[in-house]
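Worksheet: the structure to be examined is printed underneath.
In my numbering, the protein residues as written are 632 to 1145.
See below:
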């Protein structure tokens, strides 16, 4: 198990590092100009469908199904089930891809209405989306075969596949840009061909396990019907999330030129701590709380939820403060070079601050949702999510003109805070959650430690650092100031302790596959 966890962890880290290298390169070459805006809208569309059909809901239904067949009936039966699923997926994804290619201008009129008034940008967005849309076909099949390998306890290839996306994007942008009308075309071809490479890697890994996938005629067998029934609740939930993403894209295209790119860069920085902390906590909590409830250990379930709240606040609060107070130095160090100017960094830092303020509530949504799922209630979080989407749309419309690119970020933060608040209120109303004595003692101290950190960072920026673009040594100095004041202050205040860090490390290991 530890070897598998180490392998997955190493490939995941490599993918994240290369992902940031890719974004830094895109920022340097494209900046926030019309090509960048067109590319980021074009990239969103296949990713929207990928998250809807290729990951999340699909894996949650497919992996348990094929694991059961593998252990009950053997490898040949599992391979037959994988082939049945592949045939249906090829038929379904092929149809979506063809329809998307044919009707792409009309799709973008709906998804990027703000581009319609700029013929050049709109035409470029259509061209780039048509190049990248087949990525949906390849990456969804990659997700399917990753599920097969994971069921067989083979994790390396599936973990390594995302690295190819970043490698191809970087290589094509550096190597082919001079041969294309603009660098966006080279990048788009890199994205699509990375999907081919990822699929090829997974097929090769499957062959090494003795499984050769063929594509029979698609049939809606009883097993396929059962698989789709299991997928349905997750698809609805994923659909709500993707509606939120679509709203952000639509609003971004209606804002001043460059806003789509500014929001992309800010969100990429914001997603790093959220992905590591929030997702890990949510993934670890669900089985733990489910086990306590199944054993009738309601007090233990409550204690687990309280400790999770403390833990995510302990880790997301300094990230939120750091990215809000020192957002400009972060943007300076990561992106200011080439076509990405200091002025652009200032605009992106404002959007980053609005996103970052929501980090604690984004993570708390991940923490409180298992409190419903563990009790078999999947509809309540879904209904709350729908209301939060409606609120997000209303706030976007209110903020978009006065706040420009800060508007969608702030709307996302406020609607997520509303989501978290409703989850807490309903859990408390049902008697499933309240802050215990330890949480009531620790949480105010965590916020006090955060206040100390914010004061120290503001003082360092104003009185110690010289004006102008932040250098890497200056950024490292700010990071050190923030870490020492927050964690030192927190330990002095007894807001958290070393035992809590130990529990978090165990959480991270439990969330790794294996």
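Quick reminder that beta carbons are idealized off the backbone N, C-alpha and C, glycines included.
- Residue 954 and residue 998 do not touch by the CB rule: their CB atoms are close to 20 Å apart, not below 8 Å.
- When only Cα atoms are considered, residue 1016 and residue 1004 end up about 14 Å apart.
- Residue 985 and residue 1044 have their alpha carbons spaced roughly 7 Å apart.
- Between residue 976 and residue 967, the C-beta gap is smaller than 7 Å, which places the two residues in contact.
- Burial is judged here by how many other beta carbons sit within 10 angstroms of a residue's own beta carbon; residue 743 has at least 16 and is buried.
- In the three-state DSSP reduction, residue 966 falls in the helix class (H, G or I).
- Counting other Cβ atoms within 10 Å of its Cβ, residue 748 stays below 16 and is therefore classed as exposed.
- DSSP places residue 1094 within a helical segment (H, G or I) once states are collapsed to three.
- Burial state of residue 1014 is exposed, judged by a 10 Å Cβ sphere holding fewer than 16 other Cβ atoms.
- By the criterion of a C-beta distance shorter than 6 Å, residue 874 is surrounded in its chain by 1020, once the five residues flanking it on both sides are discounted.
- When the five nearest sequence neighbours on each side are left out, the beta carbons in the same chain lying within less than 7 Å of the beta carbon of residue 897 are those of 979, 982, 983, 986 and 1040, in order along the chain.
- The distance from the Cβ of residue 844 to that of residue 713 is about 6 Å, consistent with a contact at the 8 Å cut-off.
- Of the residues assessed, residue 704 falls on the exposed side of the cut-off, its CB having fewer than 16 other CB atoms within 10 angstroms.
- In the DSSP assignment, residue 846 falls outside any alpha helix (DSSP H) and carries neither an H nor an E.
- Runs of the alpha helix (DSSP H) spanning 4 or more residues and lying entirely within the segment 745–779 occur at 750–763, in chain order.
- Between the alpha carbons of residue 767 and residue 680 lies a gap of roughly 7 Å.
- For the pair of segments examined, the segment 707–727 was found to touch the segment 833–850: the number of CB pairs separated by less than 8 Å reaches three.
- Residue pairing of residue 971 in beta bridges, as defined by DSSP: 968.
- The alpha-carbon separation between residue 833 and residue 840 amounts to approximately 11 Å.
- Assigned with DSSP and collapsed to three states, residue 977 falls in helix.
- For the options 958, 813, 1060 and 1127, the alpha carbon positioned closest to that of residue 665 is the one of 813.
- Using a Cβ-Cβ distance cut-off of 8 Å, the segment 1081–1088 and the segment 1106–1120 are in contact, since at least three pairs of beta carbons, one from each stretch, lie closer than that value.
- When the Cα atoms are used, residue 746 and residue 740 turn out to be separated by approximately 8 Å.
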